[in-house]
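Notes for the one structure printed next.
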DNA sequence: TGATTGACATAAAGAAAGCTTATGGAACAC
DNA sequence: GTGTTCCATAAGCTTTCTTTATGTCAATCA
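Chains as they are written, first to last, in the numbering used here: chain A, 1 to 297; chain B, 1 to 297.
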């Protein structure tokens, strides 16, 4: 005879309320069903646990002993289950993700705010990292998912494109090129360029684009932060090239932002996750928020 | 979706061994059955608890969290159940009983020894008491059962006759009456009698027998303990009247023991229990031992 | 005292779950 | 590429559970 959780809960209920009928009502089953449950539990332990009296039931010595150990046990179990359900309902949890600095500064804040609105209890831990690191952190499960450029890498990672980023040239409105709607790559090759340092994926993207067009890039200035580039551009040091997703653009409303053309410089920013892992509910919530942000919903 | 103990145990097993197949084998079910169990558990909490990998399964973050709280919980439960089964198997437990002093000194020791032989772990707590007290202690559940004379009392007590005790006259072999096989009551009325004090049920029994025959008893000596009466008889102070069940008889092999006749003096000694309570297993063991002792088995 | 009430037990039948066998698909190794 | 190892799925059967209907017993009330 097997001991079931249902049987134990039934016993706890009867022992607590001193009545089969009453306990059955509270358990939403009929009294005969409960009688059978208790009988099976008693058969399971090999003992009579409840004495049936003319006006109810009361525990035997063994029943009292069981109740004493059972009650905190059931409580702990219920607590553990409730706690898991909180995770499922996104009332609790932590999203860990690795994103490109540009995304961390632009797309992400809005998405987090959006997630907070519907799931205020969820925590977020953001790691800023360059593309290679993002992949590595996803692979090692240091983060639940990542956002980086599309590298189509080895390993069991799955990619889902989020948006297409294009590189913009940021230059003073007074600059001759500012009159064009978009600036051909070739025109930029001879300008004083303000570029990120070469370990960033954006710099590599720009370098590659120029290289493909037969140019070798010799930046007038390099910097680690895009904000620095914007500052430089504002003081007339040259033309800053930054991705359209970068929030730093808004830091310089007096500068003109023009897409690069012929060829345009693009990168696809994707959501990266291990294909053999499902997303925790909290992460799922943030991904939803990200997608909604991108859809403009 | 309901969460079952079986499902939780199944989860614990898979999480511990990292494999459905292996866990299923250990649980003595087939792998598909286990798959279904886990699926139902996951549906129950609303979360994926195990990631299925090409060569096994490993817990998700939620799964690890559950395992952490679940494992001690299952252990406690198993312990509690094992503990109850110990009670059922009579490997543990305490018998509380109230018995007449004469029974405590004669029948009981053998029965306890007999019980010890088969169930060495059981404890016994014996209360010696006169009949009225025995009934009261059974009624108030101070003891599991009692042994006393049959009073056919009120209340929800059930009686089961154990044996018939007869009153013996203990006298020196040289005494004239010692030549008779049994001694008529009337002959005793004029002898120097050694009787228990008047609050004992045996004394009352003797008094009643004499009274019914039209005699008034004037004992030569009274005593609280039967051993005292035996000692007095041995020194020739008179004829001691004690129940046949009394172990004290064996203390005086040199005295003659003769049943009283015309009429004989009997009492029925019964096992007394609440009819609305079942006996705990330990008590059951002692009752069995008692019955076996009486049956001479 | 006898009817009534309240409480648990039992029985039978229909509903629901659980298990097993058989089969499928994916990843990995050689 | 073939075989192996896992887990998932499907179908059919068995077992268990639950409900409805009824029984029994003891306490209560008239």
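By construction, the Cβ of each residue, glycine as well, lies at the ideal position given by its N, Cα and C atoms.
- Runs of alpha helix (DSSP H) with 4 or more residues, each lying fully within the segment 213-244 of chain B, are found at 226-234, listed in chain order.
- Identification of chain A residues near residue 9 of chain B by a Cβ-Cβ cut-off of 8 Å yields none; the smallest Cβ-Cβ distance measures about 10 Å.
- Annotation: the continuous alpha helix (DSSP H) that includes residue 61 of chain A extends over 61-88.
- The Cβ of residue 278 of chain B sits closer than 8 Å to at least one Cβ of chain A.
- In chain order, 45, 46, 47, 61, 62, 65 make up the part of chain A whose C-beta sits under 9 Å from the C-beta of residue 87 of chain B.
- Going by C-alpha positions, residue 29 of chain B is about 25 Å away from residue 39 of chain A.
- Collapsing the DSSP output to three states places residue 38 of chain B in a helix.
- In this structure residue 70 of chain B does not touch residue 95 of chain B by the C-beta definition: roughly 37 Å separates them, more than the 8 Å allowed.
- Neighbours of residue 70 of chain B across chain A, judged by C-beta separation under 9 Å: 77, 80.
- In this structure residue 99 of chain A touches residue 134 of chain A by the C-beta definition: roughly 7 Å separates them, less than 8 Å.
- With respect to chain A, the C-beta atom of residue 51 of chain B has a partner C-beta closer than 8 Å.
- Interface residue (Cβ-Cβ distance to chain B less than 8 Å): residue 4 of chain A is classified as such.
- Residues of chain B whose Cβ lies closer than 8 Å to the Cβ of residue 157 of chain A do not exist; the shortest such Cβ separation is about 15 Å.
- At a Cβ-Cβ threshold of 8 Å, residue 128 of chain B and residue 109 of chain B do not count as neighbours.
- Spanning the alpha carbons of residue 174 of chain A and residue 105 of chain A requires a straight line of approximately 28 Å.
- The beta carbon of residue 273 of chain A is closer than 6 Å to those of 145, 158 in its chain, skipping five residues each way along the sequence.
- Going by DSSP, residue 261 of chain A is part of the beta strand (DSSP E) stretching over 256-261.
- For the segment 18-40 of chain B, the beta-carbon criterion of a distance under 8 Å to any beta-carbon of chain A is satisfied by none of its residues.
- In this structure, residue 178 of chain A lies near residue 258 of chain A, with their beta-carbon atoms less than 8 Å apart.
- Closer than 8 Å to the CB of residue 219 of chain A there is not a single CB belonging to chain B.
- The secondary-structure analysis by DSSP pairs residue 167 of chain A across a beta bridge with A/243.
- In this structure the segment 190-198 of chain B touches the segment 223-241 of chain B; the number of beta carbon pairs closer than 8 Å is three or more.
- Residue contact check for residue 122 of chain A against chain B: no CB pair falls below 8 Å.
- Put simply, the segment 277-296 of chain B does not touch the segment 218-237 of chain B. Fewer than three CB pairs are less than 8 Å apart.
- The C-beta of residue 3 of chain B has 16 or more other C-beta atoms within 10 Å across all chains shown, which makes the residue buried.
- Contact between residue 82 of chain A and residue 15 of chain A fails: their C-beta atoms lie close to 23 Å from each other, not under 8 Å.
- According to the DSSP assignment, residue 146 of chain A belongs to the beta strand (DSSP E) that extends over 145-149.
- In the structure shown, the three-state DSSP call for residue 99 of chain B is strand.
- Residue 160 of chain B is positioned such that its CB atom lies closer than 8 Å to that of residue 270 of chain B.
- Using a Cβ-Cβ cut-off of 9 Å, residue 73 of chain A is close to 73, 76, 77, 80 of chain B, given in chain order.
- For residue 281 of chain B, the closest Cβ of chain A is nearer than 8 Å.
- At least one beta carbon of chain B lies nearer than 8 Å to the beta carbon of residue 84 of chain A.
- Between residue 34 of chain B and residue 27 of chain B, the CB-CB gap stays under 8 Å.
- With respect to residue 185 of chain A, residue 260 of chain A sits close: the two C-beta atoms are nearer than 8 Å.
- Assigned with DSSP and collapsed to three states, residue 191 of chain A falls in coil, not helix or strand.
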